[in-house]
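S.K.:
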Amino acid sequence: MRLIGNICWLLLGGLAIALAWTLVGIVLCLTVVGIPLGVQALKMARLTLTPFGRQVIYGGGLGSWLANLLWIILGGWWLALAYLAAGLVTMLTVVGIPFGLQAFKMARLALMPFGSSVRVAVL
1 MRLIGNICWL LLGGLAIALA WTLVGIVLCL TVVGIPLGVQ ALKMARLTLT
51 PFGRQVIYGG GLGSWLANLL WIILGGWWLA LAYLAAGLVT MLTVVGIPFG
101 LQAFKMARLA LMPFGSSVRV AVL
C-alpha cells in the first residue's frame, strides 16, 4: 500500500512540490546564514517525495525551540497553513483521506522542522 500511495502522490503533484523544496534548500544553502534553513527545506523535500511509510520524530531542546520560533516568524506558519488547507480539501473525498493525512503530517513538520527527523515507519 505504501508503494501505491507514494506513486499516486508523486503523480498528483508530490514530485513538483519535492523539487520546489529541493530548489529552495539548495538556494538557501548557498549562503552561510541560510544553511540551517536550507537543511530544513531539504528535510521537507525528502518527506514530500515519499510520505507514505515515513514518520516524523520530534525532539530537540531549547535551541530547536528558538530556531522553530524564528522559522515560524519568517514564514513557517504560511507553509503549515498551506499544507493544512490542502489536507482539508483532499479529505473531502473518501479516496483523498490518506493523502490528507500525509498533508497534515507535512503541515506539522513545516511548522516545526528544527529538532525533528524523518524516518522510515516501523510496523
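In this text, residue positions in the sequence shown follow the UniProt record's numbering: the first is 1, and each later residue adds one. The C-beta atom is built at its ideal place from N, Cα and C for all residues, glycine as well.
Answer yes if the region 46-65 comes into contact with the region 12-24, meaning at least three C-beta pairs across the two stretches below 8 Å, and no otherwise.
M.R.: At 8 Å Cβ cutoff, the stretches touch.
S.K.: Going by the beta-carbon positions, is the gap between G53 and R108 smaller than 8 Å?
M.R.: In the sequence shown, the residue the question calls residue 53 occupies position 53. In the sequence shown, the residue the question calls residue 108 occupies position 108. Not a contact, by the Cβ cut-off of 8 Å.
S.K.: Given 8 Å as the limit, is there contact between the region 77-91 and the region 31-43, that is, 3 or more CB pairs closer than that?
M.R.: The region 77-91 vs the region 31-43: no contact.
S.K.: Kindly indicate the opening and closing residues of the beta strand (DSSP E) around V24.
M.R.: Locating residue 24 in the sequence shown gives position 24, where the first residue counts as 1. Where V24 is concerned, there is no enclosing beta strand (DSSP E), although the alpha helix (DSSP H) it sits in stretches over L15 to C29.
S.K.: Output the distance between the C-alpha atoms of L69 and F104, rounded to the nearest integer angstrom.
M.R.: Within the sequence shown, residue 69 is the residue found at index 69, counting from 1. Within the sequence shown, residue 104 is the residue found at index 104, counting from 1. Near 20 Å, if we compare the C-alpha coordinates of F104 and L69.
S.K.: Give the list of continuous alpha helix (DSSP H) stretches no shorter than 4 residues that lie fully inside the region 47-108.
M.R.: Within the region 47-108, the complete alpha helix (DSSP H) runs of at least 4 residues are 62-71 and 77-90.
S.K.: Do three or more CB pairs link the region 53-62 to the region 9-16 at distances below 8 Å?
M.R.: In short, these stretches do not touch, since the Cβ pair count stays below three.
S.K.: Shorter than 8 Å from the beta carbon of V95 to some beta carbon of chain B?
M.R.: Protein chains in the displayed structure number just one, and chain B is not present.
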